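Okay, so here's the structure we're looking at.
There are 2 protein chains.
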Amino acid sequence: MSILEKFLSLSEEKKTIIIDAALSSFGTNGYKKTSVSDIATAAGISKAMIFHYFGTKKTLYIYLIDLCGNILMNGFNENFDTSVTDFFERIRLATDIKISVMKKHPSIFSFLNSMYLESDDEVKADIKDILAKGEGFRSKIAFDGMDGSKFKDDIDPKLVMKMLVLLAEGYVSQSSSKVGFDLELLHKEFNEYIDLLKRNFYKEEYL
Amino acid sequence: MSILEKFLSLSEEKKTIIIDAALSSFGTNGYKKTSVSDIATAAGISKAMIFHYFGTKKTLYIYLIDLCGNILMNGFNENFDTSVTDFFERIRLATDIKISVMKKHPSIFSFLNSMYLESDDEVKADIKDILAKGEGFRSKIAFDGMDGSKFKDDIDPKLVMKMLVLLAEGYVSQSSSKVGFDLELLHKEFNEYIDLLKRNFYKEEYL
DNA sequence: TATAATATTGACCGAATCGGTTAACTGTGT
DNA sequence: ACACAGTTAACCGATTCGGTCAATATTATA
């Protein structure tokens, strides 16, 4: 059995624990400043097990990069509906997907964020590859075929969009640090914001 | 000349460079994961100089904690005007102060954020002290004597407040990581958001 | 229950890095 | 020529690094 297969043959629960420990550690401290011991401790196993499952620290990191890419791609490809043109409903849909991804791996976006600004030479090149692959992915989903005509005339949809992106970013930065954050509550709150904005930014005939 | 005096007698420019290097390093990686070499490199000086100026790593960290506390307190005490009761204008005022602080030390909020979740025993106690001192500071400024009556009846000012706090947090998390971010632009954008919300959330007679 | 196979770890390796020190080197004014 | 403050490269012992491995638990098979 090859090294990675040993990991893959673990129970889903155990795999998730290890992956989340690694995502959260790397996401918080970056590649270089994260030690394999950190991850092992966070996962509640011994350092030797990590090397048993992945061989090297770098292999683990690359594995996580690919995994995140796949999880996101699959989430959006399977659940995103481009026939929804309403601005807010599309954002709501994208957020639903994002949150359901976070439900499985709460630290995934903190990890992805840290990837963008990773400077260590050992993994820099590999990151560039995967980043190029997902380029324009988010923005395409956001704006392609989206209907901004329902807004009141003096409101710039792009400004609203930027606001919601920042809002989501604020949530991530808040939730990735705090320990006992409630994803369900977060989801509910975000939907309240969307309702609030929709109610006040759309022309009355569209409400 | 005592150790700290040596640092204080430096030119304002040099002091700022060193402080910002330390704030940014500690803010990014926390106390334990930040080495004195990291800070020295970021500041463009040798590691020995840091020890020459501050004696120990912990002394430097504590110095930064106090400094941040003082900078924020002074900023708000000198510039905050509690006679401004309008919800958005007060938020605008608080944001003006925050940004002017960030103009001098861009990484200050990233450092303060990281302080909240610092777990290292060597500095944990000292953090608790300063944190207790500033408790309720932000929330008092935010809500005391603030007028929420101008909002449309179906809008909860607290929800808007939370939204703007998250928005600001999103900005911090975005700006503290990116290298070439433009504070002036950030400021302008934030004001646009406030205008946008005010225009659409207030009853018409208050516009 | 005895044994073979597997899962897991504590202890260990050389190398790197840690916080901190110091002797020597710079430049500048006299 | 000298003194002197500012600065650093080289160094210190201690710790931690990524990674290995022999030994111990655990489980499966008989």
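Residue numbers (the working numbering), protein chains in the order written: chain Y, 1 to 207; chain P, 208 to 414. Backbone N, C-alpha and C fix where the C-beta goes; we use that ideal spot for every residue, glycine too. All values derive from a computational prediction rather than experimental measurement.
Bridge-paired residues (DSSP) for residue i
| i | result |
| --- | --- |
| P:Asp293 | P:Asp354 |
| P:Tyr409 | P:Phe358 |
Minimum C-alpha distance to residue i - residue among the options
| i | options | result |
| --- | --- | --- |
| P:Thr241 | P:Phe261, P:Met368 and P:Tyr268 | P:Tyr268 |
| P:Lys265 | P:Ser253, P:Val308, P:Thr248 and P:Val243 | P:Val243 |
| Y:Leu10 | Y:Ile39, Y:Met49, Y:Ser110 and Y:Leu186 | Y:Met49 |
| P:Val372 | P:Lys395, P:Thr302 and P:Leu230 | P:Thr302 |
| Y:Phe210 | Y:Tyr206, Y:Glu204, Y:His52 and Y:Gly170 | Since the first residue of chain Y shown is 1 and the last is 207, residue 210 of chain Y is not available in this structure. |
| P:Phe258 | P:Cys275, P:Arg297, P:Met368 and P:Glu212 | P:Glu212 |
| Y:Leu196 | P:Ile337, P:Glu391 and P:Val367 | P:Val367 |
| Y:Asp81 | Y:Lys14, Y:Lys103 and Y:Leu93 | Y:Leu93 |
| P:Ile315 | P:Asp245, P:Ile298, P:Val330 and P:Gly282 | P:Gly282 |
| P:Leu279 | P:Asp293, P:Lys335, P:Lys310 and P:Thr292 | P:Lys310 |
| P:Thr223 | P:Ile210, P:Ala249 and P:Asp245 | P:Ala249 |
| P:Lys410 | P:Leu390, P:Ile362, P:Glu399 and P:Lys369 | P:Ile362 |
| P:Gly251 | P:Ala229, P:Glu219, P:Gly262 and P:Glu399 | P:Ala229 |
| Y:Met163 | Y:Ser46, Y:His187 and Y:Phe88 | Y:Phe88 |
| Y:Ile3 | Y:Lys14, Y:Gly55, Y:Gln174 and Y:Ser24 | Y:Gly55 |
| Y:Gln174 | P:Asn284, P:Ser317, P:Met353 and P:Lys305 | P:Ser317 |
| P:Arg297 | P:Ile401, P:Ala332 and P:Asn407 | P:Ile401 |
| Y:Ile99 | Y:Glu192, Y:Glu184 and Y:Asn77 | Y:Glu184 |
| P:Ser290 | P:Glu219, P:Met353 and P:Pro364 | P:Met353 |
| Y:His187 | Y:Lys124, Y:Asp126, Y:Tyr53 and Y:Ile97 | Y:Ile97 |
| Y:Lys158 | Y:Phe201, Y:Ala125 and Y:Val123 | Y:Phe201 |
| Y:Gly172 | Y:Ile18, Y:Ser24 and Y:Asn79 | Per the sequence shown, residue 172 of chain Y should be read as Val rather than Gly. Checked all of Y:Ile18, Y:Ser24 and Y:Asn79; the closest Cα to Y:Val172 is Y:Ser24. |
| Y:Val101 | Y:Glu78, Y:Lys198 and Y:Arg199 | Y:Glu78 |
| Y:Lys198 | Y:Ile18, Y:Asp86 and Y:Lys14 | Y:Asp86 |
Exposure label - residue i; buried when at least 16 CB within 10 Å
| i | result |
| --- | --- |
| P:Ala339 | exposed |
| Y:His105 | buried |
| Y:Asp20 | buried |
| Y:Phe7 | buried |
| Y:Tyr1 | Position check: residue 1 of chain Y holds Met in this sequence, whereas Tyr was assumed. The residue is exposed, with fewer than 16 neighbouring Cβ atoms inside 10 Å. |
| P:Leu271 | buried |
| P:Phe388 | exposed |
| P:Tyr413 | exposed |
| P:Ala375 | buried |
| Y:Ile39 | buried |
| P:Lys335 | exposed |
| Y:Glu118 | buried |
| P:Ser476 | Because chain P here runs from 208 to 414, residue 476 of chain P falls outside it and cannot be looked at. |
Residue i, DSSP secondary structure in three states
| i | result |
| --- | --- |
| P:Gly251 | coil |
| Y:Ile52 | One point to set straight first is that residue 52 of chain Y is His, not Ile, in the sequence displayed. Helix at Y:His52. |
| Y:Glu169 | helix |
| P:Leu393 | helix |
| Y:Glu12 | helix |
| Y:Asp20 | helix |
| P:Leu211 | helix |
| Y:Thr28 | helix |
| P:Ser314 | coil |
| P:Glu164 | With chain P covering 208 to 414 only, the question about residue 164 of chain P has no answer from this structure. |
| P:Leu371 | helix |
| Y:Leu207 | coil |
| Y:Thr59 | helix |
| Y:Thr95 | helix |
| Y:Asp156 | coil |
| P:Phe283 | helix |
For the 8 Å Cβ check, are there 3 or more pairs between the region 229–246 of chain P and the region 314–332 of chain P?
At 8 Å Cβ cutoff, the stretches touch.
Pairing CB atoms from the region 144–153 of chain Y with CB atoms from the region 67–79 of chain Y, are three or more of them under 8 Å?
No, they do not touch.
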